[in-house]
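If you read the sequence shown in the working numbering, its first letter stands for residue 104, the second for the next number, and so on. In what follows, a single structure is set out as structure tokens and then discussed.
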Amino acid sequence: MVCESAKYNSQGKSKEALLYEAHALKQLAYFNDLDLGHIDGHKIQRIYDIFNLFGYVEKKIDVDTFIYHDNAKKKLTFTLKQQQWIDAHPVLTYSEVNWNPSSVIKNGNMHGIMGDYLDLVSKKTGLTFVFKPSHSWDDVLRQFKEKKIDIIPGVDSSLKEKNLGLFSDTYAQHPMVIVTDATYKYIENLDLFTNKTIAVPENYTSHQFIKKHYPDIKIMTTKSIQEALLLVKSGEADAYVGHIAPALHYISALHLDDLKISGLTTFKFKHHYLIQKTDSELLAIINKALLTITEKEKKEIYDNWVSATSQKVIDYTVVWQLIAGFLTLLFIVSYFLIMQSTLKNEIQAQKETFETIYQKSSDGVFIIEDGKFVDCNESIVKMLGYPSREKVLDLHPSDLSPEFQPDGRASLEKANEMMHIAIETGSNNFEWMHTRKNGENFWAEIVLTKVYLNHKDLIHVVWRDIQTRKELEAEILQINSSLEKRVQEEVNKNRGKDKQLLQQSRMAQMGEMISMIAHQWRQPLGAIAATSIDLKMKMMFESYNLDNKEGQKECAVYLDEQLTNIETYVESLSTTIDDFRNFYKPNKEKKLLSINVPIQKSLSIIEASAKANGVEIITHFKSQKTLEIYDSELMQVFLNIIKNAQDNFKEKQIANASLMIETKDTLSGIEVSISDNGGGIPDAIITKIFDPYFSTKDEKNGTGLGLYMSKTIIQEHHDGKLSVKNNDTGVTFSITLKG
104 MVCESAKYNS QGKSKEALLY EAHALKQLAY FNDLDLGHID GHKIQRIYDI FNLFGYVEKK
164 IDVDTFIYHD NAKKKLTFTL KQQQWIDAHP VLTYSEVNWN PSSVIKNGNM HGIMGDYLDL
224 VSKKTGLTFV FKPSHSWDDV LRQFKEKKID IIPGVDSSLK EKNLGLFSDT YAQHPMVIVT
284 DATYKYIENL DLFTNKTIAV PENYTSHQFI KKHYPDIKIM TTKSIQEALL LVKSGEADAY
344 VGHIAPALHY ISALHLDDLK ISGLTTFKFK HHYLIQKTDS ELLAIINKAL LTITEKEKKE
404 IYDNWVSATS QKVIDYTVVW QLIAGFLTLL FIVSYFLIMQ STLKNEIQAQ KETFETIYQK
464 SSDGVFIIED GKFVDCNESI VKMLGYPSRE KVLDLHPSDL SPEFQPDGRA SLEKANEMMH
524 IAIETGSNNF EWMHTRKNGE NFWAEIVLTK VYLNHKDLIH VVWRDIQTRK ELEAEILQIN
584 SSLEKRVQEE VNKNRGKDKQ LLQQSRMAQM GEMISMIAHQ WRQPLGAIAA TSIDLKMKMM
644 FESYNLDNKE GQKECAVYLD EQLTNIETYV ESLSTTIDDF RNFYKPNKEK KLLSINVPIQ
704 KSLSIIEASA KANGVEIITH FKSQKTLEIY DSELMQVFLN IIKNAQDNFK EKQIANASLM
764 IETKDTLSGI EVSISDNGGG IPDAIITKIF DPYFSTKDEK NGTGLGLYMS KTIIQEHHDG
824 KLSVKNNDTG VTFSITLKG
């Protein structure tokens, strides 16, 4: 006996563990199944109707006697409490609207299919149902919500109606059909009507069904079923979709002989009674009554209200579809019976496969019930370093953890929170510090998943040891930290190099600047010399008679004019020196200035040199904004560009050389453009002119740093942009600054 037990329980699992697995496998194998041998009488009745229609059966059958029923289910008896409720509420009110032939409102009462079912319930229970009129379906629902009526006898399974009250069992169900003209032969599903038009009454169940499941179908809403069918007949709509009974009725009543049912949808209208939430006893009473309604009674009600002439509006391809469905059902049942004999072996094989996967997985697996481990695989035992599974079972996750997690929270408190999140949301993924048997802490990646078995919420846990990964991450963080420090050091070095290059560029311009100053000083120095000579000549030749007052006055006026001129010339010389000194003085702080200011200072230095070389400088200062700038650095940029243009004019011997400088405001700041007519820059080198040490001049006239430093000043020191492009006659440099 011990050997047999070991043979079928090789892992030595406890009885509770084996029972748990058995229940789990049973749920997987028989999920959502019907009782074996169950036969739906409604389906048998429909199959009989189809075979009878084609003349394949010779005599009429009674489905209720054809199928064996447990008579106990058909016997209607009420509990004492239910009978007392009936005695206390003998009369109930209800309401409905015209939906022929399902509901036919006539002479203050309801007839039709739902009316006949209500009469049957009344006879079986002894309850009397009194009709209260309503002018619309919304009015019916309103009366029910306000408890002016007790029940609604015909509702489907929409969520809106389910929220209003209690739903009875289904007492009748009918397919949602597709009605077309003869253009369509057989329609398998509504996908065929993508980008086509279907007519349906507004807010009917079919309207909501199409909107939700077939958004690409065009919907033409109507006020009634009759109107929708007439739109199909006239060709304005491709099809009508709705309840089979009203569809058959109105096709016959309106003599729409060229319309037919061409297909079925996946939706079925399931009719229920809607009962007030406080009337649970009434719900039980009505459900008992509905259970005793026979298939024969259901067929008589259906045949009584759905005209026999409706046979000609049914497309027989639909009939064949039903026959095919029945044959398929028979095949499935037969196949199930054949496969049942091998199912046990397959389940056993699957069980062994799942057991192998569970036990041999490289990740650790736990099952948690009520906050404790109730099962685990071999990987968990190895990961934690324990000698057997039994040593880790029946423990709380915090028992296999340090007292506190790295974030400072207590392991017990945090573990309970993590499990609670998994139960509430369905899953939870996080990292956790665990402890091995030898006291060593290690990082694990944890995935918690809620599973529901045997009416209990369990947690499926997957552990993955990530200690090595964490150590590598720490090394990478240390490397990154060191790398950031090295990068910062290199950035600081580059900034120092930029400062050196900026100074080197300025020093390279010094000779050119001295030349420009010489041009600036030549005129005022010449004027001072001429004034001095004139004074000497006047004194030498005694041009004024100083013996009389008139001569003295005339001499004084002359001397004052000449001395004033000399002061003006000296002031001009002083201004030139200040501009030169400010250019070489490093900027420590930005100044709030107009961009026009550094341009005008640059022009005051270079203007004389430009005139001496025959260069006309035209300015259009349109900018009115002020912004924070390093003015001396921007002077270097403008002088670089202007001097390069002047050298180009001289080298190419450009006649009528001119330079246009324009400033203007933009939405984001200001823009400066400097354009010349010097013939432009060759396409082969225009992309290189901002590179360091690239120059088109000979070695003694160019360093290749001017434009490189100009771009650095604009883009890095002023967060702007410096660009160049050829124009029709020369080249244009564009500078944009934010502000």
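Every residue gets a Cβ at the ideal spot worked out from N, C-alpha and C, and that includes glycine. Bear in mind the structure is a predicted one, so any value in this text is a computation, not a measurement.
DSSP three-state assignment for residue i, whether helix, strand or coil
| i | result |
| --- | --- |
| H821 | coil |
| F234 | strand |
| V207 | strand |
| G654 | helix |
| N407 | helix |
| E668 | Rather than Glu, the amino acid found at residue 668 in this sequence is Asn. Helix at N668. |
| P193 | coil |
| P256 | strand |
| D294 | helix |
| S271 | coil |
| H214 | strand |
| A513 | strand |
| V495 | coil |
| S826 | strand |
| N480 | coil |
| K694 | strand |
| S530 | strand |
| F247 | helix |
| I702 | helix |
| I788 | coil |
| F507 | strand |
| T832 | coil |
| I709 | helix |
| A132 | Annotation note: pLDDT 46 at A132 (below 50); position unreliable, no value reported. |
Neighbour-count burial assignment, residue i, 16 or more Cβ in a 10 Å radius
| i | result |
| --- | --- |
| K288 | exposed |
| A411 | Caution is warranted here: a pLDDT of 41 is assigned to A411, below 50, making its placement in the model unreliable, and the coordinate value is therefore given only provisionally. Answer is exposed; the Cβ neighbour count stays below 16. |
| L825 | buried |
| I533 | In the sequence as displayed, the identity of residue 533 is Phe instead of Ile. Its Cβ having fewer than 16 others within 10 Å, F533 is exposed. |
| S504 | buried |
| A518 | buried |
| M642 | exposed |
| G823 | buried |
| G869 | In the structure as shown, the chain starts at 104 and stops at 842, and residue 869 therefore has no counterpart that could be examined. |
| M213 | buried |
| A392 | buried |
| G366 | buried |
| P490 | exposed |
| V303 | buried |
| K841 | exposed |
| H375 | buried |
| E506 | exposed |
| N830 | exposed |
| Q749 | buried |
| A659 | exposed |
| Y555 | exposed |
Integer Cβ distance of residue i from residue j, believed to fall under 8 Å
| i | j | result |
| --- | --- | --- |
| L762 | S705 | Not really, about 12 Å apart at Cβ, beyond 8 Å. |
| L267 | S383 | 15 Å between Cβ atoms; not a contact. |
| N699 | F752 | Incorrect: roughly 24 Å between the Cβ atoms, too far for contact. |
| T766 | S726 | 4 Å |
| T729 | L696 | 6 Å |
| L385 | F247 | Not really, about 14 Å apart at Cβ, beyond 8 Å. |
| D341 | I301 | 7 Å |
| L351 | I254 | That belief does not hold up - the Cβ atoms of L351 and I254 are roughly 27 Å apart, past 8 Å. |
| L810 | I792 | 5 Å |
| T324 | E305 | 4 Å |
| G215 | S205 | 6 Å |
According to DSSP, residues forming a beta bridge with residue i
| i | result |
| --- | --- |
| P304 | T325 |
| H346 | M279 |
| E765 | H723, S776 |
| R567 | E548 |
| D560 | Y555 |
| M536 | W546 |
| E472 | K475 |
| G84 | Only positions 104 to 842 of the chain appear in the structure, and residue 84 is not among them; the question remains open. |
| T729 | S697 |
_Secondary structure, beta strand (DSSP E): runs of 3+ residues fully inside the segment 331-384_ = 342-346, 363-378
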